[in-house]
Amino acid sequence: MALVIKRKYMTKNDCYKMGKVIKPKGIIVHSTGAKEGKDVDSDYYYARWNKSGVYKCVHAFLDEKSVTEMLPVSKSKTYKCWGCGSGSKGSYNNTHVQFEIIEPKDYKDKTYFRQTKEMALQYCTHLFKLYGWTKVTKTNCLTHAEAHKLGYASNHADILHWWKNYHNYDMDDFRKDLSKRIAKKSDSGENKPKTKTKTVNTKSGNLNCRAKASVLSKIVGKFKKGTKVTVTNKSGKWSKVTGKATTGKTITGYVYSKYLK
Numbered sequence: 126m127a128l129v130i131k132r133k134y135m136t137k138n139d140c141y142k143m144g145k146v147i148k149p150k151g152i153i154v155h156s157t158g159a160k161e162g163k164d165v166d167s168d169y170y171y172a173r174w175n176k177s178g179v180y181k182c183v184h185a186f187l188d189e190k191s192v193t194e195m196l197p198v199s200k201s202k203t204y205k206c207w208g209c210g211s212g213s214k215g216s217y218n219n220t221h222v223q224f225e226i227i228e229p230k231d232y233k234d235k236t237y238f239r240q241t242k243e244m245a246l247q248y249c250t251h252l253f254k255l256y257g258w259t260k261v262t263k264t265n266c267l268t269h270a271e272a273h274k275l276g277y278a279s280n281h282a283d284i285l286h287w288w289k290n291y292h293n294y295d296m297d298d299f300r301k302d303l304s305k306r307i308a309k310k311s312d313s314g315e316n317k318p319k320t321k322t323k324t325v326n327t328k329s330g331n332l333n334c335r336a337k338a339s340v341l342s343k344i345v346g347k348f349k350k351g352t353k354v355t356v357t358n359k360s361g362k363w364s365k366v367t368g369k370a371t372t373g374k375t376i377t378g379y380v381y382s383k384y385l386k
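Position one of the sequence shown corresponds to residue 126 (the working numbering), numbered consecutively onward.
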């Protein structure tokens with residue numbers, strides 16, 4: 126089963142209109158709390174929630190076939206959702222990406238449970254990679270009910286009323302399964318930055334290496350023409366490099382990409 130992500134933003138929902146951007150620190154897994162089954166998909170909730178006066182909105186809905194994102198979810202721009210309410214200490218709406226799993230008509234349906242669980246694991250793995258999270262914890266991957274116990278959500282029971290009661294599967298099991306996938310991707314090198322070896326190619330003189338990608342940033346050292354450097358990242362006209370400076374010490378910083386070949 127491959128991860129399929131669709132995007133259909135609720136542009137008429139007041140939460141979307143507010144457009145508050147957050148820096149995500151974790152994920153909350155919800156279920157819809159209604160026995161709907163395969164006859165109901167994300168379009169059903171899009172039609173119900175994509176209007177003004179609906180004071181709820183999550184980042185995505187998930188069924189056995191796909192994930193549909195209804196608020197922007199990206200490294201550069203992730204909107205705040207209205208998904209878990211508030212608790213005694215605040216709200217994880219300000220820090221967590223949240224999605225709803227559409228529930229089956231029959232909670233005992235093992236096939237639907239396995240399919241949606243797999244889709245949720247794949248989507249969470251995708252989110253961990255997207256935001257650069259490397260370790261699964263009880264605060265960065267949890268249910269609405271767990272968020273409430275921590276003081277950051279309203280009092281709900283999802284998703285364990287379905288998973289635990291009918292399939293003997295809880296969030297500790299989910300976190301263990303997710304951790305294995307995150308570790309597997311890390312071991313495969315998928316999350317490691319790609320590097321290239323380049324040669325300093327200045328017309329004359331040495332190449333300044335700066336602490337940040339700005340001409341106003343502090344010079345941390347200089348590279349001679351012909352020096353081999355390792356490029357680990359590019360940001361606009363700048364490259365982040367590591368190499369041996371004119372002093373003989375190995376330094377890391379930013380140089381103009383046009384002086385590398």
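A virtual CB, placed ideally from N, CA and C, is assigned to each residue, including glycine. These numbers were taken from a predicted model, which means no experiment stands behind them.
Assignment of A185 by DSSP, reduced to helix, strand and coil, places it in the strand class. Following the DSSP letters along the chain, one finds S364 inside the beta strand (DSSP E) bounded by residues 363-369.
Take S382, set aside five residues on each side of it, and the residues of its chain with a beta-carbon closer than 8 Å to its own are K359, K362, W363, S364, in chain order.
In the structure shown, E271 falls within a helical segment according to DSSP collapsed to helix, strand and coil. The Cβ atoms of T371 and K347 lie closer than 8 Å to each other. Taking V261 as the centre and dropping the five residues before and after it, the same chain places the C-beta of R300, L303, S304, I307 closer than 7 Å to its C-beta, in chain order. Under the three-state reduction of DSSP, E194 is assigned to strand. Comparing alpha-carbon positions, the option among T203, M244, K289 lying closest to K233 turns out to be K289. For T375, the uninterrupted beta strand (DSSP E) run begins and ends at 375-381, by DSSP. Per the C-alpha coordinates, the member of Y217, C334, V340, K200 positioned closest to K349 is C334.
For the options T250, G351, E243, the alpha carbon positioned closest to that of M126 is the one of E243.
H221 has G151 as its beta-bridge partners, per DSSP. Here T322 is not near T357, since their CB atoms are 8 Å or more apart. Per the Cβ contact rule, the region 223-232 is in contact with the region 153-170 (3 or more Cβ pairs under 8 Å). According to the DSSP secondary-structure assignment, F348 is paired through a beta bridge with L332. The alpha-carbon separation between L385 and I344 amounts to approximately 18 Å.
Taking a contact as a CB-CB distance under 8 Å, the pair P149 and T220 counts as one, their CB atoms being some 7 Å apart. Annotation for V192: L128, V129, I130, K131, A185, F186, F224, M244, Y248 place their beta carbon closer than 8 Å to its own, counting only its chain and skipping 5 residues before and after. With a cut-off of 8 Å on Cβ pairs, the region 202-209 is in contact with the region 166-183, counting three or more such pairs.
Exposure of M143 is indicated by the presence of fewer than 16 other C-beta atoms within 10 angstroms of its C-beta.
CA-CA distance, D283 to T375, rounds to 53 Å. Around the Cβ of S167, a 10 Å sphere holds 16 or more other Cβ atoms; the residue is buried.
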